[in-house]
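As structure tokens, the structure follows; a few thoughts come after it.
There are 2 protein chains.
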Amino acid sequence: MSAIEKTYTIEGMSCGGCVNSLTRVLKSVPGLEPVKVEVGRAVLRFDPAVITADTIKAAVDRAGFSVIAEQ
Amino acid sequence: MSAIEKTYTIEGMSCGGCVNSLTRVLKSVPGLEPVKVEVGRAVLRFDPAVITADTIKAAVDRAGFSVIAEQ
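Sequence order for the protein chains is A and B. Going by our numbering, 40 is the number at position 40 of the first sequence; the sequence numbering is gapless. Going by our numbering, 94 is the number at position 23 of the second sequence; the sequence numbering is gapless.
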């Protein structure tokens, strides 16, 4: 396993409740570790051989938000 | 099927992003219809023979919030 960290810009978040909500949903994805979640931004750690960009986008969608950029 | 509506008081929500997030997670539960979701409150429609109080509490928890009362 070779984990990387990526930063995602996220639309639709505006308060600490949103941060809690997104953090909970991201933590429910096996292999995905939310390193830092704040309003509009999430730093995630994962093995790209296991977790795809689509998996991350789907998890953010399930939480009611949208990925608008990754870097 | 005999659906009822119940109102849940929810802790941890403070903006429209929280409302979107909770709504999305509640809609993902088969048989559970969010009639109205606003900051701190959700009106849900469901068949109590199918959906239990624990199912609803677990869904709200998954979204990062907490049920503190139902009526």
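By construction, the Cβ of each residue, glycine as well, lies at the ideal position given by its N, Cα and C atoms.
Open item on the list: Using only the alpha-carbon positions, how far apart do threonine 94 of chain B and alanine 134 of chain B sit?
Closed with: 9 Å
TODO: Could you tell me the distance, in whole angstroms, from the CA atom of glycine 17 of chain A to the CA atom of serine 2 of chain A?
DONE: 32 Å
TODO: Give the DSSP-derived three-state secondary structure of threonine 23 of chain A in the structure shown.
DONE: helix
Open item on the list: Which same chain residues end up closer than 6 Å to serine 28 of chain A when comparing Cβ atoms and leaving out the 5 residues on each side of it in sequence?
Closed with: Closer than 6 Å at Cβ, skipping near neighbours: no residue.
Task: Min CB distance leucine 22 of chain A to chain B below 9 Å - done: yes
TODO: Find the residues of chain A that neighbour glycine 87 of chain B, judging by a C-beta separation of less than 8 Å, and give them in chain order.
DONE: Ser14
Open item on the list: Given a cut-off of 9 Å on the beta-carbon distance, is the pair phenylalanine 136 of chain B and serine 14 of chain A in contact?
Closed with: no
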